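A.B. asks: Mind looking over this structure? Questions follow.
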Amino acid sequence: MTAVSLLVLLVSSVAAFAAYRLYLTYTLRLTAQQHGCQAATRYKHKDPVFGLDIFLRTGDAISKNQFLVEHQRRYDTYGHTFESLNFGSHGISSIHPENLRAVFSKNAADWGVQPLRLHSMSPFCGTGFITADGSDWKVSHDLLKPGFHRSNISDFGPLEEHLRILLGQIPKDGSKFDLQPYLLRLYLDLNTLFLFGEPIGMLSGTPPSHAKGFLDAFQAGFTGCGIRIALGPLSFLMPRGSWLEACDKVHKFADIYVDRAIEYNNKINSVEHSQDKTKRRTLLFNMAQATVDRTVLRNQIVQAMMAATETTASLISHVIRNLASNPIVATQVRAEVLAVGDKPLDFDQLPRIKSLQHVITETLRLYPVFPQMNRVALRDTILPTGGGLDGTAPVFAPAGTLFDTCFATLHRDPKVWGPNANEFCPSRWENDHSPPPFTFVPFGAGPRQCLAQQKATMEASYIVSRILQEFSGIKSEDEKPYQAQVALTAKSAHGCLVSLTPATG
3 MTAVSLLVLL VSSVAAFAAY RLYLTYTLRL TAQQHGCQAA TRYKHKDPVF GLDIFLRTGD
63 AISKNQFLVE HQRRYDTYGH TFESLNFGSH GISSIHPENL RAVFSKNAAD WGVQPLRLHS
123 MSPFCGTGFI TADGSDWKVS HDLLKPGFHR SNISDFGPLE EHLRILLGQI PKDGSKFDLQ
183 PYLLRLYLDL NTLFLFGEPI GMLSGTPPSH AKGFLDAFQA GFTGCGIRIA LGPLSFLMPR
243 GSWLEACDKV HKFADIYVDR AIEYNNKINS VEHSQDKTKR RTLLFNMAQA TVDRTVLRNQ
303 IVQAMMAATE TTASLISHVI RNLASNPIVA TQVRAEVLAV GDKPLDFDQL PRIKSLQHVI
363 TETLRLYPVF PQMNRVALRD TILPTGGGLD GTAPVFAPAG TLFDTCFATL HRDPKVWGPN
423 ANEFCPSRWE NDHSPPPFTF VPFGAGPRQC LAQQKATMEA SYIVSRILQE FSGIKSEDEK
483 PYQAQVALTA KSAHGCLVSL TPATG
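Below is the structure:
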């Protein structure tokens, strides 16, 4: 085939696609009118056919740690709801609470994640609560849920044991250091202990022999999933060889613990064995009591680790950063923590330290654990608002529409939070303040809301309280403006630079 023929074929293909887009737009407009819907404001694309410009702009923003800033700019420019193109397909972005209620709760069955995630992520983590919809999602959810019962997450003994290792390693001479890497290593140990029943030894520096290379492989596999999702129909451009090798390494690591869990489950089902308390608190051992399917168990535990990666560590890092930057608030919280005296810091006592809970809640408002979220319309459906010239008419969302929302932008909306929406102000939560529904969703909302929400907030409460007990002063050493490094979760791109003054007496 000659170069001229190739050029003619390319031009013809683009023209055919453009004609199809025009026809599709016309038919969707007719269908929308039949349902009383109106279009939302349109994003001004430089590429009006595929919308590749927004894809490239998003990629550039991620590389510069400006992802959340870029989302804020879009909503500032186009309003709370706007439409765009996503590789030629229809997309709707919205932070309007009524649209969030529809997508994540009221009409949750109309929206899903499987078309967006399963194909791209399946080689790494298979079918599970992160990648599936419908009955497959429910099976995964029901397998995981018992593991997060209070009886399985309320013992802070293992947490204290690992926290003492961390406290023994960080500088106590008032010198500047980054606390965030210590917290990330702490939670790699705590997460693997909770998920698999054995810490990976990041703090102690003594990982089990079979863990060699696991973390690098896990990160490569996880990152590859994100790249494949971001590339969409262009995911074939990502080389698969090294990624599949990383996936295989993660599978072999997880299978060791899956086999242990199944073997242990077989033992406790015999009369001569009773259940070990530590194993009862391990997520994988809990799930093995419901199924012995090795693939199912491996998929769930790998996806659970994906969800747990950096989540609580990032929350604690943000809390400490806020306290270090606000010494008056830090002094108030420390005084209330010390007032607890000899009472145990447990699930009953920690929620009573009100100033601490206000600080954590305000931190979650400004720096939500999951700052951005997507759904795909599984069938033709309707968003209740955002259309028309005044932005109040319903908006038609045909099957295949990509819905995008940014909780980080929602949580800083001055219409909800007032003129100080961008400021750290824990006192806004005093007197049991409760914001309007679907305006504060740091762990997601609806049926797919994060199962580990209580675990994360209580562990953050415990660790922050213990740090305040150990140190009388926490000083910020970070002179740079905040930037978020976003993956599935968001962490500070500059870490948590502080200096600590040990408590005396």
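Remember, this note's numbering sits 2 above the position in the sequence shown when you count from 1. Just so it is clear, CB atoms sit at the ideal spot from N, CA and C, and this is done for glycine as well. None of the values given here were measured: they were computed from a predicted structure.
1) Measuring alpha carbon to alpha carbon, tell me which residue in A310, C127, H164 is nearest G226.
2) Between which two residues does the alpha helix (DSSP H) holding Q221 run?
3) So, are the CB atoms of F84 and Y45 less than 8 Å apart?
4) Bridge partners for L473 per DSSP, in chain order?
5) Exposed or buried, which one is E481 when buried takes at least 16 other CB atoms within 10 Å?
6) Counting only beta-carbon atoms, is P437 nearer than 8 Å to chain C?
7) Going by alpha carbons, who is nearest to T33 out of P400, T407, E461, L233?
8) What separation, rounded to the nearest whole angstrom, lies between the Cα atoms of P416 and R450?
9) On a CA-only basis, which of A232, N324, R187 is nearest E479? Give me that one, please.
10) Under a three-way DSSP split, which group does Q1 fall into?
11) Out of curiosity, what's the CA-to-CA distance linking R283 and K345?
12) Three or more C-beta pairs under 8 Å: does that hold for the stretch 229 to 242 against the stretch 341 to 361?
13) For R75, which three-state DSSP category applies?
14) Considering only C-alpha positions, which residue in the set G114, L286, F150, R430 is nearest to V260?
15) At the level of alpha carbons, what is the spacing between S494 and S501?
16) Looking at Y464 and F158, is the spacing between their C-beta atoms short of 8 Å?
17) State the Cα-Cα distance for the pair I258 and M289, rounded to the nearest angstrom.
18) Are the beta-carbon atoms belonging to V339 and L197 less than 8 Å from one another?
19) When you compare the CB positions of I97 and L412, do they come within less than 8 Å of one another, or not?
20) Measure the CB-CB distance between I476 and I362 and report whether it falls below 8 Å.
21) So, under 8 Å CB-CB, G53 and S86 are touching, yes? Tell me the CB distance rounded to an integer number of Å.
22) To the nearest angstrom, report how far apart E312 and R300 are at their CA atoms.
C.D. replies: Judging by the given coordinates:
1) As a first step, residue 226 is located in the sequence shown; it is residue number 224 there, counting from the start. Taking each of A310, C127, H164 in turn and checking the Cα distance to G226, the smallest one comes out for C127.
2) Position 219 of the sequence shown, counted from the start, is the residue given in the question as residue 221. First-last of the alpha helix (DSSP H) with Q221: 216 to 233.
3) Sequence index remark: in the sequence shown, residue 84 carries index 82 (1-based). Sequence index remark: in the sequence shown, residue 45 carries index 43 (1-based). Taking 8 Å as the Cβ cut-off, F84 and Y45 qualify as a contacting pair.
4) Indexing the sequence shown from 1 puts residue 473 at position 471. The residue you asked about is not Leu; residue 473 is Phe in the sequence shown. When beta bridges are read from the DSSP output, F473 appears opposite P504.
5) Against the sequence shown, residue 481 aligns to sequence position 479. A residue is called buried when at least 16 other Cβ atoms come within 10 angstroms of its Cβ; E481 does not meet this threshold and is exposed.
6) Absent from the structure: chain C. Only one protein chain is present.
7) As a position in the sequence shown, residue 33 is number 31, starting the count at 1. Selected option, being the one with the closest Cα: P400.
8) The count along the sequence shown starts at 1 and reaches residue 416 at position 414. The count along the sequence shown starts at 1 and reaches residue 450 at position 448. The alpha-carbon of P416 is positioned some 27 Å away from that of R450.
9) The residue you call residue 479 lines up with position 477 of the sequence shown. If you compare the alpha carbons of A232, N324, R187 with that of E479, the shortest gap goes to N324.
10) Residue 1 falls outside the range modelled here, since the chain spans only 3 to 507, and no answer is possible.
11) Mapped onto the sequence shown, residue 283 falls at position 281. Mapped onto the sequence shown, residue 345 falls at position 343. Note on geometry: alpha-carbon atoms of R283 and K345 lie some 24 Å from one another.
12) Under the three-pair Cβ rule at 8 Å, the stretch 229 to 242 does not count as touching the stretch 341 to 361.
13) If you number the sequence shown from 1, residue 75 lands on position 73. Three-state result, R75: helix.
14) Position 258 of the sequence shown holds residue 260. V260 has its Cα closest to that of L286, out of G114, L286, F150, R430.
15) In the sequence shown, residue 494 corresponds to position 492, counting from 1. In the sequence shown, residue 501 corresponds to position 499, counting from 1. About 17 Å.
16) Numbered from its first residue, the sequence shown carries residue 158 at position 156. Numbered from its first residue, the sequence shown carries residue 464 at position 462. Yes.
17) As a position in the sequence shown, residue 258 is number 256, starting the count at 1. As a position in the sequence shown, residue 289 is number 287, starting the count at 1. Roughly 15 Å between the two C-alpha positions.
18) Locating residue 339 in the sequence shown gives position 337, counting from the first residue. Locating residue 197 in the sequence shown gives position 195, counting from the first residue. Their beta carbons are not under 8 Å apart, which means V339 does not touch L197 by this criterion.
19) Within the sequence shown, numbered from 1, the residue matching residue 97 stands at position 95. Within the sequence shown, numbered from 1, the residue matching residue 412 stands at position 410. Yes, the Cβ-Cβ distance between I97 and L412 is below 8 Å.
20) Counting from one through the sequence shown, the residue named residue 476 turns up at place 474. Counting from one through the sequence shown, the residue named residue 362 turns up at place 360. The answer is no: Cβ separation not under 8 Å.
21) Position 51 of the sequence shown, counted from the first residue, corresponds to residue 53. Position 84 of the sequence shown, counted from the first residue, corresponds to residue 86. Between S86 and G53 the Cβ distance is about 6 Å, and since that is below 8 Å, they are a contact.
22) Stepping through the sequence shown from its first residue, residue 312 is reached at position 310. Stepping through the sequence shown from its first residue, residue 300 is reached at position 298. Their Cα atoms are separated by approximately 20 Å.
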